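First the structure, in the form of structure tokens, and then the observations on it.
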Amino acid sequence: MSANIYSKQQFKSIYEESYASLQRYLFRLTRNHEEAADLLQETFLRLYEQDTYPTSYKTWLYRTGYRLFVDQWRRNKRIQWVSYENSPIFSNDITPELSYIHDETKSQLERNLNQLTTKQRLIFMLKHNEGASYQQIGNQIGCPENTVKCLVRRARIRLYQMAEGNTNRLSC
Numbered sequence: 093m094s095a096n097i098y099s100k101q102q103f104k105s106i107y108e109e110s111y112a113s114l115q116r117y118l119f120r121l122t123r124n125h126e127e128a129a130d131l132l133q134e135t136f137l138r139l140y141e142q143d144t145y146p147t148s149y150k151t152w153l154y155r156t157g158y159r160l161f162v163d164q165w166r167r168n169k170r171i172q173w174v175s176y177e178n179s180p181i182f183s184n185d186i187t188p189e190l191s192y193i194h195d196e197t198k199s200q201l202e203r204n205l206n207q208l209t210t211k212q213r214l215i216f217m218l219k220h221n222e223g224a225s226y227q228q229i230g231n232q233i234g235c236p237e238n239t240v241k242c243l244v245r246r247a248r249i250r251l252y253q254m255a256e257g258n259t260n261r262l263s264c
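Numbering-wise (our numbering), the sequence shown opens with residue 93 and increments by one.
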């Protein structure tokens with residue numbers, strides 16, 4: 093029990109000593125006070141969850157904060173935010189044109205999915221419709237995880253190629 097108190101006191105002293113400088117560092121990375129505060133909290137939470145604190149804890153804090161920032165940046169880079177108010181897709185005014193485009197896109201996607209191999213189609217649907225992980229899919233169909241990754245990638249490439257081919261035909 094005394095080791096627990098010791099670690100709480102040690103954490104408190106590390107926190108008090110490093111908080112301001114780490115906060116400034118994370119703000120310089122993010123240029124956003126809220127994002128910097130979130131990263132700061134997550135960094136100290138990860139330190140708190142450590143069994144033993146690293147001897148060079150400042151280096152550990154800065155490295156962890158930076159890695160969390162990079163993860164967040166990559167995640168945000170992949171997500172494209174769409175304004176709800178300005179998007180015709182989410183509009184209450186469903187025009188005949190939008191309805192036609194939606195129906196045509198859906199039917200084209202179904203046709204393209206049917207051109208994939210059965211295994212690629214199954215894996216692609218499990219990954220993108222059901223949100224299953226590569227490991228879960230591999231366990232379900234009896235394939236190694238890397239094979240599943242490869243099949244999903246091939247299906248994406250094939251669907252992209254088919255979509256590009258359809259776009260080229262429509263523009264001529």
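Ideal placement from N, C-alpha and C gives every residue a C-beta, glycine not left out.
Computed from a prediction, not measured in an experiment: that's the story for all the values here.
Using the rule of at least 16 other Cβ atoms within 10 Å of the residue's Cβ for burial, across every protein chain shown, is residue i buried or exposed?
i: cysteine 264; result: With a pLDDT of 39 at cysteine 264, under the threshold of 50, the modelled position of this residue cannot be trusted, and the question is left open.
i: glutamine 128; result: This sequence places alanine at residue 128; glutamine is not what is there. Alanine 128 should be labelled buried.
i: arginine 261; result: Residue placement at arginine 261 cannot be trusted, given a pLDDT of 48 that sits under 50; what the coordinates show is reported in the next sentence. Burial call: exposed.
i: aspartate 252; result: At residue 252 the sequence reads tyrosine, which differs from the aspartate that was named. Burial call: exposed.
i: alanine 247; result: buried
i: asparagine 204; result: buried
i: valine 240; result: buried
i: threonine 113; result: Note that residue 113 is serine in the sequence shown, not threonine. That one is exposed.
i: glutamine 212; result: buried
i: serine 225; result: exposed
i: tyrosine 117; result: buried
So, under 8 Å CB-CB, residue i and residue j are touching, yes? Tell me the CB distance rounded to an integer number of Å.
i: leucine 137; j: glycine 157; result: Not quite, the Cβ-Cβ distance comes to about 12 Å (not below 8 Å), so this is no contact.
i: leucine 243; j: isoleucine 215; result: 5 Å
i: leucine 153; j: glutamate 134; result: About 11 Å separates the two Cβ atoms, so there is no contact after all.
i: isoleucine 233; j: lysine 219; result: No, isoleucine 233 and lysine 219 are not in contact; Cβ-Cβ is about 12 Å, not under 8 Å.
i: isoleucine 297; j: tyrosine 145; result: Within the shown structure, residues of the chain are numbered from 93 to 264, placing residue 297 beyond reach of any answer.
Compare the Cα-Cα distances from residue i to each of the options and report the closest residue.
i: leucine 208; options: Leu160, Val240, Gly223 and Arg250; result: Arg250
i: glutamate 126; options: Tyr192, Pro236 and Gln164; result: Gln164
i: threonine 197; options: Thr151, Tyr140, Glu256 and Arg155; result: Glu256
i: tyrosine 149; options: Thr122, Lys104, Tyr192 and Leu121; result: Lys104
i: methionine 254; options: Glu202, Arg123 and Arg120; result: Glu202
i: tyrosine 111; options: Thr210, Ser99 and Leu139; result: Leu139
i: threonine 122; options: Ser199, Glu237, Pro236 and Val162; result: Val162
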